[in-house]
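J.: Going left to right, the sequence shown walks through residues 1 to 291 as UniProt numbering numbers them.
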Amino acid sequence: RLLASTGLGKPPLGRPIAEYLPNSGLPEVLASATEQRDREFSLNGRAILANRAPIRHQGRVIGAIATFRDKSEVNALAEQLTGVSRYAEALRAATHEFKNKLHVLLGLAQMGDLDALRAYLRDLADHQLAPATSLVEGIGEPVLAGFLLGKQSEARERGILFQVDVEHPVPAAVPEQIHGLVTILGNLLENAFEAVADEDERRVNLTLDYDEALLSLHVQDSGGGIEAAVREQIFQRGVSTKGERRGIGLAAVQEQVEAWGGSLAVYSEAGRGSLFEVELPYRSAAGDVES
Numbered sequence: 001r002l003l004a005s006t007g008l009g010k011p012p013l014g015r016p017i018a019e020y021l022p023n024s025g026l027p028e029v030l031a032s033a034t035e036q037r038d039r040e041f042s043l044n045g046r047a048i049l050a051n052r053a054p055i056r057h058q059g060r061v062i063g064a065i066a067t068f069r070d071k072s073e074v075n076a077l078a079e080q081l082t083g084v085s086r087y088a089e090a091l092r093a094a095t096h097e098f099k100n101k102l103h104v105l106l107g108l109a110q111m112g113d114l115d116a117l118r119a120y121l122r123d124l125a126d127h128q129l130a131p132a133t134s135l136v137e138g139i140g141e142p143v144l145a146g147f148l149l150g151k152q153s154e155a156r157e158r159g160i161l162f163q164v165d166v167e168h169p170v171p172a173a174v175p176e177q178i179h180g181l182v183t184i185l186g187n188l189l190e191n192a193f194e195a196v197a198d199e200d201e202r203r204v205n206l207t208l209d210y211d212e213a214l215l216s217l218h219v220q221d222s223g224g225g226i227e228a229a230v231r232e233q234i235f236q237r238g239v240s241t242k243g244e245r246r247g248i249g250l251a252a253v254q255e256q257v258e259a260w261g262g263s264l265a266v267y268s269e270a271g272r273g274s275l276f277e278v279e280l281p282y283r284s285a286a287g288d289v290e291s
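1. Do Pro169 and Tyr120 have their CB atoms nearer than 8 Å?
2. With Leu188 and Val253 assumed to form a contact (beta carbons below 8 Å), what rounded beta-carbon distance in angstroms separates them?
3. What is the C-beta distance between residue 359 and Leu250, in whole angstroms, given that I count them as a contact (C-beta under 8 Å)?
4. Let me check understanding here. Comparing Cα to Cα, which of Glu19, Asn44, Ile62, Ala66 lies closest to Leu26?
5. Could you give the residue range of the alpha helix (DSSP H) that holds Glu269?
6. Rounding to the nearest angstrom, what Cα-Cα distance links Leu214 and Val196 in this structure?
7. Where does Gln256 land, buried or exposed, given buried means 16+ other C-beta within 10 angstroms?
8. Could you give the DSSP three-state label for His57: helix, strand or coil?
9. From Leu206 to Gly223, what distance separates their C-alpha atoms?
10. To the nearest angstrom, how far is the alpha carbon of Gly14 from that of Gln236?
11. Following the continuous alpha helix (DSSP H) through Asn191, name the residue where it begins and the one where it ends.
12. Between the region 260-276 and the region 152-171, do at least 3 Cβ pairs fall closer than 8 Å?
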């Protein structure tokens with residue numbers, strides 16, 4: 001089915017594979033008796049990943065077999081896993097912070113120091129829980145609110161000042177949009193966190209605005225900015241300012257935004273930080289219920 005979708009017809013039985021698929025790689029596997037994994041090649045303009053292996057019988061190579069996968073589908077799965085990993089990292093940071101507080105409470109309770117316990121609880125309520133709650137005030141989507149609280153904990157661990165501003169209240173989203181939203185925000189925030197990691201001033205601001213079924217996300221960082229040559233290609237897969245085997249996150253953001261029918265822009269100058277702006281059609285759960 002994959003090969004047919006690239007314009008190839010039905011394989012002719014009894015004919016050399018090279019006549020049907022010149023870059024199948026099977027003759028090389030037969031000659032070398034060596035397995036090949038995740039080799040990329042282009043087939044009528046489509047990127048294909050191939051796994052090839054020799055077939056052995058009684059110690060002799062008697063044939064070869066190949067399997068093919070559409071690279072775009074593999075990338076889509078990787079993007080989903082990237083979004084999940086961002087969410088998991090935020091939850092890990094929040095869990096770590098919560099466990100530290102719990103250990104203090106348990107220790108004070110075991111010592112029977114009720115005065116210190118009461119004082120610690122008051123401090124939590126006044127200086128930690130209240131500010132955390134205010135961070136997500138106006139965000140009606142619980143998954144998004146929980147995710148941002150986790151990112152706040154992660155930012156504290158990394159010495160980053162992370163601020164969230166909600167211009168107009170954001171309602172709960174329909175379930176099918178929640179994962180994509182976490183993927184977009186997770187990758188944008190991780191990109192911003194990494195951009196400020198080596199700076200003296202480590203600051204990341206997220207601005208959310210909701211108006212007439214349109215959600216706006218602005219992520220601004222105090223990092224070193226993006227060179228013009230890189231900025232023009234920043235959303236292409238594999239393009240990154242962070243070394244090898246990177247350049248997936250922002251490409252995943254663009255693909256998600258395009259899938260939603262939204263828009264994405266970046267404004268940046270070397271030495272002056274970056275601003276990423278996203279606008280997305282946003283279906284509120286309340287609107288779906290009413291309809």
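Cβ atoms here follow ideal geometry from the backbone N, Cα and C, with glycine treated the same way. Model, not experiment: these values are computed from the prediction.
T.: A quick look at the data gives this:
1. The Cβ atoms of Pro169 and Tyr120 do not sit closer than 8 Å to each other.
2. Right, their Cβ atoms sit about 6 Å apart.
3. Since the first residue of the chain shown is 1 and the last is 291, residue 359 is not available in this structure.
4. Residue Ala66 is the option with its Cα nearest to Leu26.
5. Per DSSP, Glu269 lies in no alpha helix (DSSP H) and is assigned neither H nor E.
6. Each residue's Cα considered, the two are about 29 Å apart.
7. Gln256 should be labelled buried.
8. His57 falls in the strand class under three-state DSSP.
9. So the two alpha carbons sit approximately 14 Å from each other.
10. The alpha-carbon atoms of Gly14 and Gln236 are separated by roughly 42 Å.
11. For Asn191, the enclosing alpha helix (DSSP H) covers residues 175-196.
12. Not touching, per the Cβ criterion.
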